[in-house]
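Below: the structure, in structure tokens.
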Amino acid sequence: MSAIRVDSAKPYFATSSLVIGYALCSSLLAVINKFAITKFNYPVWGLGKSGFLPHDPFTWQTAKTFLPAALVFYLAIFINTNLLRHANVDTFVVFRSCTPLLVALADTAFRKQPIPDWGFSSTAYSWAFADLVTIATKMVYIKHMFTNVGLNAWGFVLYNNDL
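Rendered as structure tokens:
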């Protein structure tokens, strides 16, 4: 049985390809956005004037009222980008997954919306708890296996799919 030679350039090629692909998509998005705002200065306004897109008229009074919402929107994008820059994806997903709970609480506290129906069912919560434990176990165990078995990412996918 002959030994399989592992080409050490392959992981670098795959990583480089992903980085270049991401950079290309990101830069093209910026170019496309620049093109869109250059060639179609006011697409919503233009489509509204042509009758294709009904929208509310722009007034400075409404703009002043709406300004805090726009600022929070851009603040969220800024913070989201920095979170992704400084944390791993798992941390991002965990905190992002808390959003519906916080929105429900804030809606109740600030918008006087009714408290969400918890829909308590011992069967449903038993399955939810089992799901939580199983997914946490799976994630930790897979990290353990990935670290200790010595497979690369695609080998891990191959074994996982085949088995």
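Everything in the sequence shown is counted per my numbering, starting at 9 for the first residue and increasing by one. Ideal Cβ positions, reconstructed from N, Cα and C, are used throughout, including at glycine. Keep in mind it's a predicted model, so treat the numbers as computed, not measured.
Would you mind working out which of Pro65, Val27, Lys47 sits nearest tryptophan 53, comparing C-alpha positions? Pro65
Out of curiosity, what's the CA-to-CA distance linking alanine 117 and leucine 140? 28 angstroms
Along the chain, where does the alpha helix (DSSP H) that runs through lysine 146 open and close? 130-157
Segment limits, alpha helix (DSSP H) that includes threonine 99: 97-105
Alpha carbon of phenylalanine 86 to alpha carbon of proline 76, nearest angstrom: 15 angstroms
Residues of its chain near phenylalanine 100, where Cβ-Cβ distance is below 7 angstroms and the 5 sequence neighbours each way are ignored: Leu91, Leu92
What three-state label does DSSP hand asparagine 160 in the structure shown? coil
Would you identify the three-state DSSP class for serine 58, choosing helix, strand or coil? coil
Rounded to whole angstroms, what is the Cα-Cα separation between leucine 109 and leucine 83? 21 angstroms
Quick check for students: name the residue ranges of the alpha helix (DSSP H) that lie wholly in the segment 58-86, counting only runs of 4 or more. none
Is the beta carbon of proline 124 less than 7 angstroms from the beta carbon of alanine 114? no
How many Å lie between leucine 61 and leucine 55 at the Cα? 5 angstroms
Can you grab the Cα-Cα spacing for the pair lysine 151 / valine 157, in whole Å? 10 angstroms
Can you tell me which of the three DSSP states tryptophan 126 falls into? coil
Specify the secondary structure class of leucine 110 as computed by DSSP and reduced to three states. helix
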